[in-house]
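Visitor: Protein chains in written order, with my numbering: chain P, 1 to 225; chain H, 1 to 199. Below is the structure I would like to discuss, written out as structure tokens.
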Amino acid sequence: MKGILLIFTLSLGYCFFGQPNQKYTPAGMLSLGGRTTVSIFNDHKNEMTGTGVGGQFRLRFSDAVNTDWFFDYITSDILNYAHRTDYHIGWSVLFYPINQLDYFRQEGGFKPKFRPYILAGHCFDYSKIEAKDGFSPLDGPMSAERWSSAVQAGLGTHLELSPRFDISLTGQYMIHLGNHIETDYDFTTGALSFHEHKGASLAGHLLLTLSLNYKIAKLWGFNRR
Amino acid sequence: MGIQQKITGLFLLVSTLIYSQEKPSYFQPSLLRASATIAPTRFYTQQTTVALINGFVEYVSENRISIRGEANIMAPNGKLLYPNSPEKFPRNYTSIYAGFGYHLGKRNWKFDIHAEPGVVIAEMEQHPFLIVPAPYQWSVSPSFMLKGGTSFYFSKYCHFFAEINYSNGWIRKTPFMSVSIAQYGISAGLGFHLLTKKK
């Protein structure tokens with residue numbers, strides 16, 4: 001028992017005093033950015049590649065942990081008989097496995113560098129599917145819609161072009177949890193129908209996101225740790 | 001004054017602008033610049049060329065980095081070459097982009113690269129053959145613009161710029177296949193700038 005206590009005490013000591021003597025910390029850094037997204041391998045039958053636009057802010061909690069808070073607006077075609085619109089609002093946690101680089105130590109001139117990360121998170125999602133030729137001047141387009149929740153995980157990297165500016169490329173798979181909509185299209189008659197299925201189901205897509213981010217404020221962590 | 005004297009005078013003036021070595025560097029952080037111009041743009045998948053009115057505002061936040069917003073609006077009667085298929089091209093077209101620029105080069109002559117996500121707001125004809133008069137619908141579509149160009153800052157408040165851009169996106173709210181808005185265009189002209197912070 002004494003041995004365990006000794007090891008525990010030494011471990012704590014290592015945790016407290018084993019940190020490098022960093023003058024600055026990136027914790028508290030707030031970034032603002034815009035993003036563009038390509039949605040591929042969509043689970044919906046006959047859905048084609050989607051394109052999207054959105055925005056995000058990024059709040060860093062420590063050397064190794066950052067967070068993205070994002071909004072995406074994505075549109076895609078379902079062959080030539082319908083089109084789909086997705087709105088995502090959510091967050092992701094970014095973990096930097098290689099973290100020996102400091103954001104602020106720019107003595108001797110800044111050099112662009114890559115900073116890879118692993119991310120995982122959650123989002124809320126609103127989807128609407130509208131028929132292409134179902135438009136009526138009186139009733140508007142024939143459509144179906146749903147709210148759902150989703151989880152996502154993936155890999156990415158920042159390309160830091162200046163101490164404040166970076167371009168980030170992320171690939172992540174997003175799985176939607178909840179109700180889903182199916183479209184049935186009869187290629188002989190041209191009849192289109194929507195079916196809403198209640199209950200949990202797994203449907204997803206791969207999202208490739210390119211974002212442009214600029215650090216605008218440091219909310220905390222000004223002093224020596 | 002003869003034509004030869006005018007040409008000589010113009011040459012001397014341009015030489016003065018270019019070779020006056022003691023000029024300060026006008027391009028520096030806190031520079032705010034803006035301009036508006038006509039941008040001939042080719043929607044190559046629709047085989048349509050239009051005149052867009054382009055306006056931008058840009059703020060230089062670091063030596064090489066700037067934040068930029070811009071808008072393009074299709075000029076009234078701006079369709080210059082047009083296939084006359086209303087369902088294939090919007091009646092009204094506006095695009096809005098916001099992004100960042102990266103600037104290379106020394107002192108007052110810069111080469112610029114811009115990447116800007118944005119949206120296209122367009123009005124497309126629906127059911128052009130079935131209902132008279134045909135209904136139109138507005139839609140907002142995601143888009144992305146890449147831009148490259150050069151700028152020459154020749155005075156404290158003015159600069160010349162020339163840019164070429166490529167952007168892409170799809171208008172989905174159509175009765176048939178979605179309409180591609182892939183395009184390339186050029187814009188050039190006189191821009192205005194101002195240093196918003198004094199050293």
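Built from N, CA and C at the ideal position, the CB exists for glycine as well.
Mind checking if Pro-142 (chain H) is an interface residue toward chain P, Cβ cutoff 7 Å exclusive?
Guide: Position 142 of the second sequence, counted from the first residue, corresponds to residue 142 (chain H). Yes - at least one Cβ of chain P is within 7 Å of the one on Pro-142 (chain H).
Visitor: Taking the beta strand (DSSP E) that Ser-167 (chain H) falls in, what are its first and last residues?
Guide: Locating residue 167 (chain H) in the second sequence gives position 167, where the first residue counts as 1. Element bounds for Ser-167 (chain H): 158 to 171.
Visitor: How would you list, in chain order, the residues of chain P whose beta-carbon sits under 8 Å from the beta-carbon of Arg-64 (chain H)?
Guide: Numbered from 1 along the second sequence, position 64 holds the residue referred to as residue 64 (chain H). By Cβ distance, chain P contributes Leu-161 and Ser-162.
Visitor: Would Ile-113 (chain H) be called buried (16 or more neighbouring beta carbons within 10 Å of its own) or exposed?
Guide: On the second sequence, residue 113 (chain H) is found 113 positions in, with the first residue counted as 1. So Ile-113 (chain H) ends up on the exposed side.
Visitor: According to DSSP, which residues form a beta bridge with Thr-270 (chain P)?
Guide: Nothing about residue 270 (chain P) can be reported from this structure: the residues present for chain P run from 1 to 225 only.
Visitor: So, under 8 Å CB-CB, Gly-33 (chain P) and Arg-58 (chain P) are touching, yes? Tell me the CB distance rounded to an integer number of Å.
Guide: Counted from its first residue, the first sequence places residue 33 (chain P) at position 33. Counted from its first residue, the first sequence places residue 58 (chain P) at position 58. Contact holds; Cβ gap of about 7 Å.
Visitor: At a Cβ threshold of 7 Å, is Thr-51 (chain P) touching chain H?
Guide: Residue mapping note: residue 51 (chain P) aligns to position 51 of the first sequence, counting from 1. Closer than 7 Å to some Cβ of chain H, the Cβ of Thr-51 (chain P) qualifies, so yes.
Visitor: What in chain H is Cβ-close to Gly-34 (chain P), meaning under 7 Å?
Guide: Within the first sequence, the letter at position 34 stands for residue 34 (chain P). Ala-98, Gly-99 and Pro-117, listed in chain order.
Visitor: Looking only at DSSP bridge pairs, what is Thr-170 (chain P) linked to?
Guide: Numbered from its first residue, the first sequence carries residue 170 (chain P) at position 170. DSSP lists P:Gly-156 and P:Thr-209 as partners of Thr-170 (chain P).
Visitor: Using the beta-carbon of each residue, which ones in chain H are nearer than 9 Å to Asp-86 (chain P)?
Guide: Here residue 86 (chain P) corresponds to residue number 86 of the first sequence, with the count starting at 1. Ordered by position in chain H, no residue passes the 9 Å Cβ test against Asp-86 (chain P), which lies about 11 Å from the chain.
Visitor: Thinking just about the alpha-carbon of each residue, which of H:Pro-175, H:Arg-42 and H:Arg-64 is nearest to the one in Leu-52 (chain H)?
Guide: Taking the first residue of the second sequence as position 1, residue 52 (chain H) is located at position 52. Nearest option by C-alpha distance: H:Arg-42.
Visitor: Below 7 Å between beta carbons: does that hold for Asp-68 (chain P) and Gly-54 (chain P)?
Guide: As a position in the first sequence, residue 68 (chain P) is number 68, starting the count at 1. As a position in the first sequence, residue 54 (chain P) is number 54, starting the count at 1. Taking 7 Å as the Cβ cut-off, Asp-68 (chain P) and Gly-54 (chain P) do not qualify as a contacting pair.
Visitor: Going by DSSP in three states, Gln-47 (chain H) sits in which element: helix, strand or coil?
Guide: As a first step, residue 47 (chain H) is located in the second sequence; it is residue number 47 there, counting from the start. Here Gln-47 (chain H) sits in coil by DSSP.
Visitor: Between which two residues does the beta strand (DSSP E) carrying Arg-84 (chain P) extend?
Guide: As a working note, residue 84 (chain P) is residue 84 in the first sequence. Looking at the DSSP string, the run of the beta strand (DSSP E) that includes Arg-84 (chain P) is 82 to 95.
Visitor: So, at 6 Å on beta carbons, what are the nonlocal neighbours of Met-29 (chain P) in its own chain, with the 5 sequence-adjacent residues on each side left out?
Guide: Position 29 of the first sequence, counted from the first residue, corresponds to residue 29 (chain P). Arg-60, Lys-215 and Lys-218.
Visitor: Are the C-beta of Ser-35 (chain H) and some C-beta of chain P separated by less than 7 Å?
Guide: Taking the second sequence and counting its residues from 1, one reaches residue 35 (chain H) at position 35. Not one chain P Cβ lies under 7 Å of Ser-35 (chain H).
Visitor: In the DSSP assignment, find the beta strand (DSSP E) that holds Tyr-73 (chain P) and state where it starts and stops.
Guide: Position 73 of the first sequence, counted from the first residue, corresponds to residue 73 (chain P). Per DSSP, Tyr-73 (chain P) belongs to the beta strand (DSSP E) from 65 to 78.
Visitor: If you count every other CB in all the chains shown that lies within 10 Å of the CB of Gly-148 (chain H), and 16 or more means buried, which is it?
Guide: The residue labelled residue 148 (chain H) in the question sits at position 148 within the second sequence. Exposed, by the Cβ-count rule.
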